[in-house]
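The opening position of the sequence shown corresponds to residue 1 in the working numbering, with each subsequent residue numbered one higher. Glycine included, each C-beta is placed from N, C-alpha and C at the ideal position. To start, the structure under review is shown below, and the notes come after it.
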Amino acid sequence: MSVGDFRQKQYHVPIAREGIPFILAAMFSTLIVAVLGWGILSLLLLALTLLIGHFFRDPERVSNAGENELVSPADGRVISVKSVPSVRFLDKPAMKISIFMSVFDVHVNRVPVSGSIEGMHYKKGRYLAANHAQASEDNEQNWLWIKSAGGLDVVITQVAGLIARRIVCWPRIGDLVLQAERFGMIRFGSRMDVYVPENSEVLVFQGKRVYAGETVLCRLNP
């Protein structure tokens, strides 16, 4: 696959393309009910349509991160920062930063650091609440290993949540990716785990609000 192939799936519109079928279905249902004259149900379906549109929104983001800085791959709230003895693809200790995305957050995911995709691994699993500690182990998830332009290893994991039922990831092994560009999404409430070298300078803390492509999570040290 060439470097530009996956970007054909992420040309920007205000709504994530993965959400368009849901929005159109909700709009059609609202229209039919309105034509039938069911006023209260029409209003409820209209509200649902607006909520679905809000969930699949895809705003532009501007990154001011420095050369050795890593930006958040997801909107949400940091729920954990801890050291782990090893991570998939890499048999060495790492710092793990976990971000919980509620149904009210933007769910389009962005690349945390420029580099190349060295490995991918998809795992089927359960659908525990994404803010549950065991979700990182048991839930459906998709792993991406990125080798940064500086030669450092970063691993990110898209983790499905309680009602999330599809993980979307566009790039493939060998693709070159750029910091803050869109690479996929997770539908309806989910989690993102970020694994960085143990000597990284983590700049966020539990409870901090972060924004995909903008908030700097840490500085990567050589």
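Taking residue i as part of the beta strand (DSSP E), name the residues at either end of that continuous run.
i                 : result
phenylalanine 183 : 182–186
arginine 219      : 216–219
arginine 166      : That residue, arginine 166, is in no beta strand (DSSP E); it is neither H nor E in DSSP.
glutamine 141     : 141–148
phenylalanine 100 : 94–101
glutamate 69      : 69–71
valine 108        : 108–110
What is the DSSP secondary structure of residue i, counted as helix, strand or coil?
i              : result
arginine 57    : strand
arginine 191   : strand
serine 80      : strand
alanine 47     : helix
glycine 119    : strand
leucine 203    : coil
serine 227     : Because the chain here runs from 1 to 222, residue 227 falls outside it and cannot be looked at.
serine 42      : helix
arginine 209   : strand
isoleucine 173 : coil
Let's see if you can read the secondary structure: which residues bound the alpha helix (DSSP H) around residue i?
i             : result
threonine 274 : Look at the range of the chain in this structure, 1 to 222, and you will see that residue 274 is not part of it.
leucine 24    : 20–35
So which of the options has the shortest CA-CA distance to residue i?
i                 : options                           : result
isoleucine 167    : Gly150, Glu181, His121 and Leu203 : His121
proline 21        : Asn199, Leu203, Val202 and Arg187 : Arg187
aspartate 193     : Met101, Gly66, Val106 and Ser29   : Met101
glutamate 181     : Arg172, Leu152 and Ser114         : Ser114
valine 87         : Ile146, Met27 and Leu220          : Ile146
glycine 76        : Arg219, Val204, Leu220 and Pro222 : Val204
leucine 48        : Val62, Ser72, Ile23 and Ile99     : Ile23
lysine 92         : Leu217, Lys124, Asn199 and Gly213 : Asn199
isoleucine 156    : Trp38, Phe56, Leu43 and Glu118    : Glu118
serine 148        : Gly174, Glu140 and Trp170         : Gly174
proline 60        : Lys96, Gly150, Ile15 and Glu201   : The residue asked about is misnamed: residue 60 is glutamate in this sequence, not proline. Nearest C-alpha to glutamate 60: Ile15.
phenylalanine 104 : Leu45, Leu36 and Phe56            : Phe56
valine 111        : Glu140, Phe89, Asn221 and Leu144  : Leu144
valine 177        : Arg209, Cys169 and Ser116         : Ser116
glutamate 214     : Trp38, Val106, Ser83 and Gln141   : Val106
tyrosine 195      : Ser42, Ser98 and Thr30            : Ser98
proline 197       : Val81, Arg172 and Cys169          : Val81
phenylalanine 89  : Arg209, Gly66, Asn142 and Arg17   : Asn142
So is residue i buried or exposed if we call it buried at 16+ other beta carbons inside 10 Å?
i              : result
isoleucine 40  : exposed
glutamine 158  : buried
glutamine 179  : buried
histidine 54   : exposed
glutamate 69   : buried
alanine 25     : exposed
leucine 152    : buried
asparagine 221 : exposed
glycine 19     : buried
glutamate 201  : exposed
arginine 191   : buried
If residue i sits next to residue j, beta carbons under 8 Å apart, how far is it from one beta carbon to the other, in whole angstroms?
i                 : j             : result
isoleucine 79     : glutamine 206 : 6 Å
phenylalanine 183 : asparagine 64 : Between asparagine 64 and phenylalanine 183 the Cβ distance is about 20 Å, and since that is not below 8 Å, they are no contact.
proline 73        : alanine 160   : Wrong, their Cβ atoms sit about 15 Å apart, outside the cutoff.
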